[in-house]
Amino acid sequence: MKEKLYLNEIVLGTVFGVIIGPFAANIIDPRSWSSSSTVSQFITLEVMRIVLATGLFAIGIELPRTYMWAHAKSLSAMVIPTMAAGWLIVGGIMKCLFQSLDYVSCLVIAACLTPTDPIVCAAIVGGQFAEKHVSVKLRHILSAESAANDGLAYPFLSISLYLTVESSRTVAFGKWFIVGWLYQVILGVILGATIGILCSRLFQICKRKKFVDRGSYVAQYIAMSFLIIGIAHTIGSDDLLAVFAAGSAMSWDGSFQKQIDGEVFSSVIDLVLNCACFIYIGAWLPFNEFNIPSLGIEPWRLILLFISIIFLRRIPPLLLLFKWVPEIETWQEALFSGHFGPVNPTFHLHWFVN
1 MKEKLYLNEI
11 VLGTVFGVII
21 GPFAANIIDP
31 RSWSSSSTVS
41 QFITLEVMRI
51 VLATGLFAIG
61 IELPRTYMWA
71 HAKSLSAMVI
81 PTMAAGWLIV
91 GGIMKCLFQS
101 LDYVSCLVIA
111 ACLTPTDPIV
121 CAAIVGGQFA
131 EKHVSVKLRH
141 ILSAESAAND
151 GLAYPFLSIS
161 LYLTVESSRT
171 VAFGKWFIVG
181 WLYQVILGVI
191 LGATIGILCS
201 RLFQICKRKK
211 FVDRGSYVAQ
221 YIAMSFLIIG
231 IAHTIGSDDL
241 LAVFAAGSAM
251 SWDGSFQKQI
261 DGEVFSSVID
271 LVLNCACFIY
281 IGAWLPFNEF
291 NIPSLGIEPW
301 RLILLFISII
311 FLRRIPPLLL
321 LFKWVPEIET
331 WQEALFSGHF
341 GPVNPTFHLH
351 WFVN
């Protein structure tokens, strides 16, 4: 059924979560697991963090060897300008729809909607329809972009927050550069890449000495994700970018990828985590908060926001930029890439970090 209807675990999991959630069968209510909303939000944050980290590490591992270096120019042209344009566009749309908010507050929310989600991306580009109709190089660039812009959303979020809480714009931009870029992004990439390279060398030594077998590589596939997000989160760096950098570094020479190629267990783990995540999201969705006129939240505004985000967040920038991205050959592929901008666990993570 899943393959015949071109549905993936994302849609099915979310629908199932809504059905068993508090607004339907009321079997599971994540918000009732704690009397404190802070604890409930913390649980949601960590669920999203674990699932995203595992998915980002998987993308880093599964991309072709040295992919990020070989396609750095294309990714630079595609990621940062598209994110910046989408961030400003969504902020402007929100200001028009929710006029009680100032523009900087709208940019805070827009920053959570700026990155594309790597979990949904992997499910789409790895699906039956994409394998038949989307070129391999386009699937690779979309996967790499979704992973890279997931971690790069922090600078957009941090500048919005600093402009909100700091009275001086000079101080706000100074903290943004030092904390948002140097400490979170740059340190996160260096940390993840260093751990990835060291672990890759260690695994090669252990493999030569026959200390590990093929199955051990698959176990490390999961353990490494948890280790890196733990270290990066503890020191306050960008854990998502760190785990993607680690995955890319570990597969740099192709040895790690070769060992786990064809292993069913890693795919099963990804599937289980994705299903659990979206069932949780479906059960968590606060439908009762979709209509609060006193706060300016009304269904028609949300529907208009939804439509505007789909058509204006990524499509116009990518239609203008695709000539600088060799992997996108035609305007039709640019239109597909622009429309291809899923957000879900990524939005939840950045929103609760906020």
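Position 267 of the sequence shown, counted from 1, bears residue number 267 in full-length UniProt numbering, the numbering being contiguous throughout. Beta carbons are placed, not taken as given, at the ideal position from N, Cα and C, and that holds for glycine. If you're wondering where the values come from, they're calculated on a predicted model, not measured in any experiment.
Notebook entry, point to check: In chain order, which alpha helix (DSSP H) runs of at least 4 residues are fully inside the segment 86–118?
Noted result: Counting whole runs of 4 or more residues, the segment 86–118 contains the alpha helix (DSSP H) stretches 103–113.
Next item on the list: Pull up the distance between the alpha-carbon of LEU12 and that of ALA58, whole angstroms please.
Entry: For the purposes of this step, residue 12 is taken as residue 12 along the sequence shown, with counting starting at 1. For the purposes of this step, residue 58 is taken as residue 58 along the sequence shown, with counting starting at 1. Taking the straight line joining both Cα atoms gives about 22 Å.
Check: Measuring CA to CA, which of TYR217, PHE211, VAL243 and ILE235 is closest to PHE226?
Finding: On the sequence shown, position 226 is the one that residue 226 refers to. It is VAL243.
Item checked: Cβ neighbour criterion (16 or more within 10 Å) applied to SER158 -> Counting from 1 along the sequence shown, the entry for residue 158 is found at position 158. Classified as buried, SER158 has 16 or more neighbouring CB atoms from the shown chains inside 10 Å of its CB.
Checklist line | At least 3 beta-carbon pairs within less than 8 Å: the segment 54–73 vs the segment 234–254 | finding: With a cut-off of 8 Å, the segment 234–254 and the segment 54–73 count as touching, because enough Cβ pairs lie within range.
Check: Can you check whether the CB of THR114 is closer than 8 Å to the CB of LEU273?
Finding: Here residue 273 is taken as the residue at index 273 of the sequence shown, counted from 1. Here residue 114 is taken as the residue at index 114 of the sequence shown, counted from 1. LEU273 places its beta carbon 8 Å or farther from that of THR114.
Notebook entry, point to check: Taking C-beta to C-beta, are SER143 and CYS112 nearer than 8 Å?
Noted result: If you number the sequence shown from 1, residue 143 lands on position 143. If you number the sequence shown from 1, residue 112 lands on position 112. With respect to CYS112, SER143 sits apart: the two C-beta atoms are not nearer than 8 Å.
Next item on the list: Enumerate in chain order the residues of its own chain whose CB-to-CB distance from ASN354 is below 6 Å, with the five nearest sequence positions on each side excluded.
Entry: Counted from its first residue, the sequence shown places residue 354 at position 354. With a pLDDT of only 47 at ASN354, under the threshold of 50, the placement of this residue in the model should not be trusted; the figure read from the coordinates follows. Excluding positions up to five away in sequence, the list is empty.
Next item on the list: For CYS106, I'd like the list of residues in its chain whose CB is within less than 6 Å of its CB, leaving aside the five on either flank, ordered along the chain.
Entry: Indexing the sequence shown from 1 puts residue 106 at position 106. So the qualifying residues of the chain are GLY91, MET94 and LYS95.
Check: At which residues does the alpha helix (DSSP H) containing VAL189 begin and terminate?
Finding: Against the sequence shown, residue 189 aligns to sequence position 189. Per DSSP, VAL189 belongs to the alpha helix (DSSP H) from 187–208.
Check: Secondary structure at PHE292, three-state DSSP: helix, strand or coil?
Finding: Within the sequence shown, the letter at position 292 stands for residue 292. Reading off the sequence shown, one finds Ile at residue 292, where the question assumed Phe. ILE292: strand per DSSP, three-state reduction.
Item checked: Between the CA atoms of LEU182 and VAL171 - distance to the nearest angstrom -> Your numbering for residue 171 matches position 171 in the sequence shown. Your numbering for residue 182 matches position 182 in the sequence shown. Between the alpha carbons of VAL171 and LEU182 lies a gap of roughly 15 Å.
Notebook entry, point to check: Are the CB atoms of PRO118 and SER74 nearer to each other than 8 Å?
Noted result: Taking the sequence shown and counting its residues from 1, one reaches residue 118 at position 118. Taking the sequence shown and counting its residues from 1, one reaches residue 74 at position 74. No, these two residues do not count as a Cβ contact at 8 Å.
Next item on the list: In the DSSP assignment, find the unbroken alpha helix (DSSP H) run with VAL47 in it and report its ends.
Entry: Within the sequence shown, the letter at position 47 stands for residue 47. Bounds of the alpha helix (DSSP H) holding VAL47 are 37–62.
Note to self: Under 8 Å: do the segment 316–325 and the segment 73–87 share three or more Cβ pairs, one atom per stretch?
What the structure shows: As far as the Cβ criterion goes, the segment 316–325 touches the segment 73–87, which means the pair count is three or higher.
Next item on the list: Indicate whether ARG301 and GLY86 have their beta-carbon atoms separated by less than 8 Å.
Entry: Reading the sequence shown from its first residue, position 301 is the one you call residue 301. Reading the sequence shown from its first residue, position 86 is the one you call residue 86. Against a cut-off of 8 Å, the Cβ pair of GLY86 and ARG301 comes out as no contact.
Check: If you count every other CB in all the chains shown that lies within 10 Å of the CB of SER36, and 16 or more means buried, which is it?
Finding: In the sequence shown, residue 36 corresponds to position 36, counting from 1. Using a 10 angstroms sphere on the CB of SER36, the tally of other CB atoms stays under 16, which defines it as exposed.
Check: Among ARG65, GLU46 and GLY17, which one has its Cα closest to the Cα of ALA245?
Finding: Working through the sequence shown from its first residue, we reach residue 245 at position 245. Nearest Cα to ALA245 within the set ARG65, GLU46 and GLY17: ARG65.
Next item on the list: Consult DSSP for ILE297 and reduce its assignment to one of helix, strand or coil.
Entry: Numbered from its first residue, the sequence shown carries residue 297 at position 297. Annotated three-state conformation of ILE297 is strand, per DSSP.
Checklist line | Residue nearest to THR116 in terms of C-alpha spacing, selected from VAL104, ASP150 and SER168 | finding: Working through the sequence shown from its first residue, we reach residue 116 at position 116. Ranked by Cα distance from THR116, the options VAL104, ASP150 and SER168 are led by ASP150.
Margin query: Suppose only complete runs of 4+ residues qualify. What are the alpha helix (DSSP H) ranges in the segment 224–272, listed by chain order?
Written below: 239–250 and 255–260, all fully within the segment 224–272.
Next item on the list: May I ask you to report which of helix, strand or coil DSSP gives ASN354?
Entry: Numbered from its first residue, the sequence shown carries residue 354 at position 354. Bear in mind that a pLDDT of 47 at ASN354, under 50, signals an unreliable position, so the number given afterwards is only what the model happens to contain. Residue state, collapsed to three classes: coil.
Checklist line | Residue interval of the alpha helix (DSSP H) (run including TRP69) | finding: One-based indexing of the sequence shown puts residue 69 at position 69. In the DSSP assignment, TRP69 falls within the alpha helix (DSSP H) that extends over 67–70.
Notebook entry, point to check: Comparing alpha-carbon positions, which option in GLY236, PHE336, GLY174 and GLU327 lies nearest ALA70?
Noted result: Position 70 of the sequence shown, counting from 1, holds the residue named residue 70. For ALA70, the nearest C-alpha among the options comes from GLU327.
Margin query: Tell me the residue span of the alpha helix (DSSP H) that contains TRP176.
Written below: As a first step, residue 176 must be located in the sequence shown, where it is residue number 176. Premise fails: TRP176 is in no alpha helix (DSSP H) and is neither H nor E.
Check: Going by Cα to Cα distance, which pick from THR14, GLY338, VAL218 and ARG139 is closest to LEU312?
Finding: Locating residue 312 in the sequence shown gives position 312, counting from the first residue. When each option's Cα is compared against that of LEU312, the closest is GLY338.
Notebook entry, point to check: Hey, how far is the Cα of ASN8 from the Cα of ILE124?
Noted result: Taking the first residue of the sequence shown as position 1, residue 8 is located at position 8. Taking the first residue of the sequence shown as position 1, residue 124 is located at position 124. Between ASN8 and ILE124, the C-alpha separation is close to 8 Å.
Margin query: Taking only three categories from DSSP, how would you classify VAL212?
Written below: Counting from 1 along the sequence shown, the entry for residue 212 is found at position 212. Three-state result, VAL212: coil.
Check: Is it right to say ALA232 is buried, meaning 16 or more other beta carbons lie within 10 angstroms of its own, or is it exposed?
Finding: The sequence position of residue 232 within the sequence shown is 232, counting from 1. With 16 or more Cβ atoms within 10 Å of its Cβ, ALA232 is classed as buried.
Checklist line | Same chain, Cβ closer than 8 Å to GLU289, five either side skipped, listed in chain order | finding: Position 289 of the sequence shown, counted from the first residue, corresponds to residue 289. For GLU289, where only same-chain residues beyond five positions count, the Cβ hits under 8 Å are ILE297.
Check: Cβ of THR164 within 8 Å of Cβ of VAL104?
Finding: Residue mapping note: residue 164 aligns to position 164 of the sequence shown, counting from 1. Residue mapping note: residue 104 aligns to position 104 of the sequence shown, counting from 1. A Cβ-Cβ contact shorter than 8 Å links THR164 with VAL104.
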